[in-house]
Structure formats: C-alpha cells, structure tokens
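Residue numbers (the numbering used here): 855 to 1025.
For every residue, glycine included, the Cβ atom is placed at its ideal position computed from N, Cα and C.
These notes concern the structure reproduced below.
Dropping the structure here:
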C-alpha cells in the first residue's frame, strides 16, 4: 500500500493507513507492558534525497510526511521498542538517523557475488544453464543490487533460456 504512492493524495492516504495500523497495533497491546514495532524496508518509505538525485516531488513529500509521522509516534510512545530495517542506511532520510530514537537499526547487506551465483545456479536458473558456467557467473556479476524476485524473473526470461543469448546483455 505505502510503496505504491504516485500522487499527493496517495501520500495522505498512506499516512491515514499507517495511522490506523499503528493505532490498532497500540490498542491491541494496551494491556501488555512491553511491545516492539518493526518497520521493514524503511528506505522505501523514507528515502533520502540530495541535490544530485532530487527524485520526484511526490517521493520527496512521501518521505518527509512519513518521516514526520514516524518520529511523532516514536516520541509519543516511549514504552514501545522500535526497530527499523533498511537495505542501505545511506538511502534513508537523514532525519530518521540523526534523532537516534530507534532501539534497533538493521542494515541488510546485499548478497555477495558467490551467494548470488549459488542462488542462480542451484535454485533459479533453468536446467539449460547447468553446464554453462560463464553465463551463470555473468548473471551473478550483473545482478549485484537485484532482489530475489528480480533474479527469478531474469532467469525465467525466454531470451536468456534460448540457445542464442543476446550479446549486448552479457557484455
């Protein structure tokens, strides 16, 4: 819901959605002494923008509005332990990291070339790739920042499973 924002109205709808989910969460834990709230993929919600990479106006507004909302909720609920998960903290809105209001910060490291190679070779690639080490190594090299779903889609691409691979892709 929150990652499919394409207009300023969607930003407001996302804030309302987060508010309802948060209030539901807090009220369900009202009788408990301790609670934990985890925000996964925080860099998708609260992205960092610079003058070199300004991004779209909607993305900037989304980042600022959700950052403000999240900081207010964390401050208003000190009894709740809050953790955030990001792929790279360098991509997260600086205001979230400057405040130091989170109990746990988890940065998910991208898989290594060897890990990507093994995933492609053993799990994702079609049988026709089994004896083609160069193609598997090339795919692992070129998918450094791919998510698992992207690796799967790449391996299922009919152009890649055909006998003639496109030279421009594997250069």
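Excluding five sequence positions before and after residue 869, the CB atoms of its chain that fall closer than 8 Å to its own CB belong to 919, 920 and 923, given in chain order.
Secondary-structure assignment with DSSP links residue 958 through a beta bridge to 937.
In the structure shown, residue 910 adopts coil according to DSSP, grouped into three states. The alpha-carbon separation between residue 872 and residue 952 amounts to approximately 22 Å. Boundaries for residue 963: no alpha helix (DSSP H) harbours it, and the DSSP string shows neither H nor E there. Residue pairing by DSSP places residue 946 opposite 901 in a beta bridge. Exclusion of the five residues before and after residue 861 leaves 912 as the residues of its chain whose Cβ lies within less than 8 Å of its Cβ.
Residue 960 holds the alpha-carbon nearest to the alpha-carbon of residue 943 among 960, 865 and 916.
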